[in-house]
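Engineer: Chains as they are written, first to last, in our numbering: chain E, 15 to 332; chain G, 15 to 332. Structure in C-alpha cells, see below.
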C-alpha cells in the first residue's frame, strides 16, 4: 500500500510496546518504528502521543494515505472507540476521531487479535482456508473466527474472547474476576505458574536461572530451560499444550473450522506446544473418527501480524 | 411453497418419529403425516420406506415440487449423505440420491438442528437477528450458529455440536465415549438423572408417579412434578438451567451473538429452565458489565421447526 503519493501505516498497540510499520499491498513491511507504551496509569493523550510518534517515524517524509490501529482491548462494533483495555488508560476513548484529527488522514481501528487473524488470512498461515480459528497465546488467550477471510466481530465487537471460556468449574481465579477460565490453564501466565509449582518438587535449571526466587521466573526463562532439556520446563509446556488441545476441541466441536492457527508470543515454542495440543485435540474432539480433524499450525507472521492486519483494514475495511 | 402445480414437503426424521408436512412460502404448515421410526436395528431401506410413506401421505394428490429432509445425524457438507446417525441405521447412506429416485423430485438434506435454526431465523424467534445461537435441548444438546440468517455448516457439516464441548474435566461419562460433555449436565437426560439422585434424599411426588422405581422416571414426569410445585423436580430443572447458562456464556464469549434461542423438547419448560440460565449467563459471561448481554429466549416453532426448516431449504438452498 505504497504509491507515488504516500504510504499506509499499521500500528499495533499493546501493554508494553507500540509497533508501527509501512505495509505495502502485498502485506510486506518496509519500514518500522517502536515506542514503549506509557502504561495504564498515565493520561490517555500520552498513549496517543506515543502512537502518533511511532506512525510519524515509520512514515518518514512520505504522506499518510491511511492508518490502521490494532489495539489490545475491546473495540466497539463501529470501529470508533476503545471501550476498555486492561493495560491501557482507555475507557470509551474515541480513538479513531482523535487520531484522524492528529494525523490528518483516515484511521481505522480494530482489536489486535482480529487484526492478527486478518493478516494470517491474507498473507500467512490461514491463506486460502474457507474457515479458520485463530488462537492467540500471549499473557492470556485471545482469538478470532475467520469465515471466508473475514473476521467475525459479534454484536459488541467482542467475538473471539476464547480465553474466558470456563474449562474448570471452580478452578483457578482469573484476572477477569471469574474462575476456571481457559487462559488460566493455557497461556504464558499458565506456563510460568506451572513451572513455579513443579520447581518446588523437582530439580530444575530454572532454580539457577531465577537466582533462587521462583517469583522471578519468566516465560522466556521457561522457553530457554525447555530448549536445554529441562524436565520441569518441558512438563510446564506439555501441560499448557494439552490444555490448548482440550479447549481447541471445544471450539472445533462448535464451529468445525478447516484450520486452527496458533499465534502470539507463546506459539514461538512451536511443536513443543503444538504436538501435545494436536494429541489432545484428536483425543477429546467429538466424532474424531468420523470427520476430518483440522490441522493445528503455527502462525507465520510473528509479532508483526497485528500491525500488518491493521494496515490491511485501511484498504479493505470489513 | 404450494402453487397450482404442486407442493413442497419438509420431513423431520428422528430416533422415534418421522414427521412430514406441506409447508407454504410463509413457513406455514398446511397438512402433516407421521410414522414411527423403525429404529436402528433394521435395514436402511425400511427407514426410507417410512420416510417416503409419510411424504406421500402429506402431499396427498398434489405433485411434489421438492422435498427437504431434516435428519438426526451428521450430514456431509455437500448435503448428499447421512454419514452417521446414533439412532438410525445410516452410515454414509446416499440418502439424497436414493430419495430423488424414489420420490421423482429434487431432494435436499441437512442436519435437524440446522433445519430448526433456519426455520427460527426465517419465521420464528431469531427473525431479524444478524447473528444468533440456536441451542436445541432434547435428549442431548444440538445447535447451530446463524449469521445473517444462514447456518454455519463447517468443513465436515458438523458445526453446532455444542453438547460435546467439555465443561467438567473427568466429569460424567457421555454416550460419545468421552466425559464431562455439556449435555451430561444440561439436557433431558441430565434432568432425569438429577431428579433420580435428588429423590433418593428428599420426598417427592415423583416417587408415587414412577410407582417406586426411580429408573422409570421420565422427562415428562419431572416436568409434570415441577408444575405441581415439587421441590425435587424444581431443583432438577434449576440445575440444568444453571448449566445451560454456563455453557451459553462460553459460546457467547467466543461468538458474541445478538440473540440466543433455546429450542428442543426441554425448552417447553419455558422460564423454569430459562430464568436460571439467564442468571448464570450474566454471572459467568466475561465482561458482562461492558457489553450488551444477548437475550436468551425460547424457540417459537416447537416440534415442527425441523420440518419447516427442511422445506425452506428446497426454495433457498444454502
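We put the CB at the ideal spot given by N, CA and C, even for glycine.
Following the continuous beta strand (DSSP E) through residue 26 of chain G, name the residue where it begins and the one where it ends.
Structural biologist: If you number the second chain from 1, residue 26 of chain G lands on position 12. Its beta strand (DSSP E) spans residues 20-27.
Engineer: Following a CB-centred definition, is residue 262 of chain G positioned closer than 7 Å to any heavy atom of the ligand NAP?
Structural biologist: In the structure on display, the ligand NAP does not appear, and there are no ligands present to speak of.
Engineer: Rounded to a whole number of angstroms, what is the C-alpha to C-alpha distance between residue 149 of chain E and residue 134 of chain E?
Structural biologist: The residue you call residue 149 of chain E lines up with position 135 of the first chain. The residue you call residue 134 of chain E lines up with position 120 of the first chain. So the two alpha carbons sit approximately 11 Å from each other.
Engineer: Is residue 92 of chain G helix, strand or coil when you go by DSSP?
Structural biologist: Walking along the second chain from the start, residue 92 of chain G turns up at place 78. Three-state DSSP puts residue 92 of chain G in coil, outside helix and strand.
Engineer: Determine, using beta carbons only, whether residue 203 of chain E comes closer than 8 Å to chain G.
Structural biologist: The count along the first chain starts at 1 and reaches residue 203 of chain E at position 189. Answer no: the Cβ-Cβ gap between residue 203 of chain E and chain G never drops below 8 Å.
Engineer: Any idea which residues DSSP pairs residue 180 of chain E with across the strands?
Structural biologist: For the purposes of this step, residue 180 of chain E is taken as the residue at position 166 of the first chain. Looking at the DSSP assignment, residue 180 of chain E forms a beta bridge with E/195.
Engineer: Starting from the C-beta of residue 106 of chain G, find all residues in its chain whose C-beta is less than 7 Å away, skip the five residues before and the five after it, and write them out in chain order.
Structural biologist: In the second chain, the residue the question calls residue 106 of chain G occupies position 92. Around residue 106 of chain G: 95, 97.
Engineer: Using a Cβ-Cβ cut-off of less than 9 Å, give me the residues of the region 160-178 of chain G that come near chain E, in sequence order.
Structural biologist: Cβ contacts with chain E: 161, 166, 167, 168, 169, 170, 171, 172, 173, 174, 175, 176, 177, 178.
Engineer: Among E/48, E/104, E/324, which one has its Cα closest to the Cα of residue 33 of chain E?
Structural biologist: Counted from its first residue, the first chain places residue 33 of chain E at position 19. Taking only the C-alpha atoms, the option nearest residue 33 of chain E is E/48.
Engineer: Compute the distance between the beta-carbons of residue 27 of chain G and residue 92 of chain G, then report whether it is under 8 Å.
Structural biologist: Within the second chain, residue 27 of chain G is the residue found at index 13, counting from 1. Within the second chain, residue 92 of chain G is the residue found at index 78, counting from 1. No, Cβ-Cβ distance for residue 27 of chain G and residue 92 of chain G is not below 8 Å.
Engineer: Within 8 Å (strictly less), CB to CB, does residue 52 of chain G reach chain E?
Structural biologist: The sequence position of residue 52 of chain G within the second chain is 38, counting from 1. Not an interface residue.
Engineer: Does DSSP classify residue 318 of chain E as helix, strand or coil?
Structural biologist: Start at 1 with the first residue of the first chain, and residue 318 of chain E comes out as number 304. Residue state, collapsed to three classes: helix.
Engineer: Take residue 51 of chain E and list the residues in its own chain whose beta-carbon comes closer than 8 Å to its own, dropping the five residues that flank it on each side.
Structural biologist: Locating residue 51 of chain E in the first chain gives position 37, where the first residue counts as 1. Correct list, in chain order: 27, 28, 29, 30, 31, 32, 61, 64, 101, 102.
Engineer: What span of residues does the beta strand (DSSP E) with residue 145 of chain E cover, start to end?
Structural biologist: Numbered from its first residue, the first chain carries residue 145 of chain E at position 131. 145-151 is the span of the beta strand (DSSP E), which, as asked, contains residue 145 of chain E.
Engineer: Over the uninterrupted beta strand (DSSP E) stretch that includes residue 247 of chain E, give me the two end residues.
Structural biologist: Looking up residue 247 of chain E in the first chain gives position 233. First-last for residue 247 of chain E: 245-269, but that is the alpha helix (DSSP H), not the beta strand (DSSP E).
Engineer: Measuring alpha carbon to alpha carbon, tell me which residue in G/292, G/328, G/312, G/321 is nearest residue 141 of chain G.
Structural biologist: Numbered from 1 along the second chain, position 127 holds the residue referred to as residue 141 of chain G. Among G/292, G/328, G/312, G/321, the Cα nearest to that of residue 141 of chain G is on G/312.
Engineer: Alpha carbon to alpha carbon, what distance is there between residue 111 of chain E and residue 206 of chain E?
Structural biologist: Numbered from 1 along the first chain, position 192 holds the residue referred to as residue 206 of chain E. Numbered from 1 along the first chain, position 97 holds the residue referred to as residue 111 of chain E. In a straight line, the C-alpha of residue 206 of chain E is about 39 Å away from that of residue 111 of chain E.
Engineer: How far does the alpha helix (DSSP H) with residue 126 of chain E in it extend, from its first residue to its last?
Structural biologist: Residue mapping note: residue 126 of chain E aligns to position 112 of the first chain, counting from 1. Where residue 126 of chain E is concerned, the enclosing alpha helix (DSSP H) stretches over 126-137.
Engineer: In whole angstroms, what separates the C-alpha of residue 272 of chain G from that of residue 170 of chain E?
Structural biologist: Position 258 of the second chain, counted from the start, is the residue given in the question as residue 272 of chain G. Position 156 of the first chain, counted from the start, is the residue given in the question as residue 170 of chain E. Those two C-alpha atoms are separated by around 8 Å.
Engineer: Are the C-beta atoms of residue 192 of chain E and some chain G residue less than 8 Å apart?
Structural biologist: Taking the first residue of the first chain as 1, we reach residue 192 of chain E at position 178. Yes, residue 192 of chain E lies at the interface with chain G (some Cβ there is under 8 Å from its Cβ).
Engineer: Under 8 Å, do residue 180 of chain E and residue 208 of chain G count as touching if we go by C-beta distance?
Structural biologist: As a working note, residue 180 of chain E is residue 166 in the first chain. As a working note, residue 208 of chain G is residue 194 in the second chain. Contact flag unset, no.
Engineer: Going by beta-carbon coordinates alone, are residue 21 of chain E and residue 76 of chain E separated by less than 8 Å?
Structural biologist: In the first chain, counting from the first residue as 1, residue 21 of chain E sits at position 7. In the first chain, counting from the first residue as 1, residue 76 of chain E sits at position 62. In this structure, residue 76 of chain E lies closer than 8 Å to residue 21 of chain E by Cβ.
Engineer: Considering only their Cβ atoms, is the gap separating residue 82 of chain E from residue 325 of chain E smaller than 8 Å?
Structural biologist: Translated into positions along the first chain, residue 325 of chain E becomes position 311. Translated into positions along the first chain, residue 82 of chain E becomes position 68. Yes, Cβ-Cβ distance for residue 325 of chain E and residue 82 of chain E is below 8 Å.
Engineer: For residue 125 of chain G, which residues in the same chain have their Cβ closer than 6 Å to its Cβ, ignoring the five residues on either side in sequence?
Structural biologist: Counting from 1 along the second chain, the entry for residue 125 of chain G is found at position 111. Same-chain partners within the cutoff: 89.
Engineer: Grab the span of the alpha helix (DSSP H) containing residue 239 of chain G for me, first residue to last.
Structural biologist: Walking along the second chain from the start, residue 239 of chain G turns up at place 225. Residue 239 of chain G -> alpha helix (DSSP H) spans 233-241.
Engineer: For residue 54 of chain E, which residues from the same chain have a beta carbon less than 6 Å from its beta carbon, with the 5 sequence-adjacent residues on both sides left out?
Structural biologist: As a first step, residue 54 of chain E is located in the first chain; it is residue number 40 there, counting from the start. Contacts found: 101, 102, 103.
Engineer: With 16 as the cutoff for other CB atoms within 10 Å, does residue 187 of chain G come out buried or exposed?
Structural biologist: As a working mapping, residue 187 of chain G is identified with position 173 in the second chain. Per the 10 Å Cβ criterion, exposed.
Engineer: Ignore the nearest five residues each way along the sequence and tell me which others in residue 152 of chain E's own chain have a CB closer than 8 Å to its CB.
Structural biologist: Sequence index remark: in the first chain, residue 152 of chain E carries index 138 (1-based). Once the five neighbours on either side are set aside, the close Cβ partners of residue 152 of chain E are 201, 202, 278, 279, 280.
Engineer: Nearest to residue 267 of chain G by alpha carbon, out of G/114, G/288, G/297?
Structural biologist: Translated into the one-based positions of the second chain, residue 267 of chain G becomes position 253. Comparing Cα positions, the closest option is G/297.
Engineer: Check residue 189 of chain G in the structure and name its three-state DSSP category.
Structural biologist: Locating residue 189 of chain G in the second chain gives position 175, where the first residue counts as 1. In the structure shown, residue 189 of chain G sits in coil (DSSP, three-state: anything other than H, G, I, E or B).
Engineer: Taking the alpha helix (DSSP H) that residue 115 of chain G belongs to, which residues open and close that run?
Structural biologist: The residue labelled residue 115 of chain G in the question sits at position 101 within the second chain. Taken as a continuous stretch (DSSP letters only), the alpha helix (DSSP H) holding residue 115 of chain G covers 109-117.
Engineer: What does residue 265 of chain G touch in chain E if you count any residue whose Cβ is under 7 Å from its own?
Structural biologist: Taking the second chain and counting its residues from 1, the one referred to as residue 265 of chain G is at position 251. In chain order: 268.
Engineer: Going by the beta-carbon positions, is the gap between residue 258 of chain E and residue 236 of chain E smaller than 8 Å?
Structural biologist: Residue numbering aside, residue 258 of chain E sits at position 244 when the first chain is read from its first letter. Residue numbering aside, residue 236 of chain E sits at position 222 when the first chain is read from its first letter. Contact: no.
Engineer: Assign residue 287 of chain E to one of three DSSP states: helix, strand, or coil.
Structural biologist: Counting from one through the first chain, the residue named residue 287 of chain E turns up at place 273. Reduced to three states, the DSSP call for residue 287 of chain E is helix.
Engineer: With DSSP as the reference, label residue 214 of chain G as helix, strand or coil.
Structural biologist: Position 200 of the second chain, counted from the first residue, corresponds to residue 214 of chain G. Residue state, collapsed to three classes: coil.
Engineer: So, with DSSP's three-state summary, where would you put residue 49 of chain E?
Structural biologist: As a position in the first chain, residue 49 of chain E is number 35, starting the count at 1. Reduced to three states, the DSSP call for residue 49 of chain E is strand.
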